[in-house]
Amino acid sequence: MTGFPGPRPISGDAVRLITGSVSVTITGSITSQGILRDGCGVLELTLPDADPQQRRDLERAKWYQYELYRGGALLYSSPQLRLSSTRRVKDGALVVTGSP
């Protein structure tokens, strides 16, 4: 699947995250969702609370791509996305927002 994921969240158990300098696989509860923000479509990728270095590495990245998996099956493969923000939510999960 490569199309824009739309407003319905897609949940997976692993994500392969690629930035300009890093390629890492993260496991746990992961969600991808397309949302409209200021009239533009953006993707939010919610990663489980894990290594604090993740946020610092992602904040330094200018772009990222990801592949979302469930049970080893590819659910979604993103285009290259321009990083627009990172934030932590109450449960410690890291939310990464980017636009095509």
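My numbering runs 1481 ahead of the 1-based position in the sequence shown.
No residue lacks a Cβ here, since even glycine has one placed at the ideal position from N, Cα and C.
Could you tell me the alpha carbon to alpha carbon distance between residue i and residue j, rounded to whole angstroms?
{"i": "G1520", "j": "L1564", "result": "17 Å"}
{"i": "I1516", "j": "K1571", "result": "20 Å"}
{"i": "A1574", "j": "P1529", "result": "5 Å"}
{"i": "Q1546", "j": "L1498", "result": "6 Å"}
{"i": "L1526", "j": "D1494", "result": "12 Å"}
{"i": "E1438", "j": "G1522", "result": "Here the chain covers residues 1482 to 1581 and nothing more, so residue 1438 does not appear."}
{"i": "G1579", "j": "W1544", "result": "8 Å"}
Within 10 Å of its beta-carbon, does residue i have 16 or more other beta-carbons around it, so buried, or fewer, so exposed?
{"i": "T1483", "result": "For T1483, the predicted model reports a pLDDT of 48, less than 50, meaning its position is unreliable; a value from the coordinates is still stated below. So T1483 ends up on the exposed side."}
{"i": "L1524", "result": "buried"}
{"i": "S1492", "result": "exposed"}
{"i": "L1556", "result": "buried"}
{"i": "T1567", "result": "buried"}
{"i": "A1554", "result": "exposed"}
{"i": "S1513", "result": "buried"}
{"i": "Q1561", "result": "exposed"}
{"i": "S1559", "result": "buried"}
DSSP state of residue i, grouped into three classes?
{"i": "L1561", "result": "In the sequence under discussion, the amino acid at residue 1561 is Gln, which differs from the Leu named in the question. Residue state, collapsed to three classes: coil."}
{"i": "A1574", "result": "coil"}
{"i": "G1493", "result": "strand"}
{"i": "V1503", "result": "coil"}
{"i": "G1487", "result": "coil"}
{"i": "T1567", "result": "strand"}
Quiz item: Which parts of the segment 1515-1565 are runs of the alpha helix (DSSP H), unbroken and 4 residues or longer, counting only runs that do not cross its ends?
Solution: Taken in chain order, the whole alpha helix (DSSP H) runs of length 4 or more contained in the segment 1515-1565 are 1534-1541.
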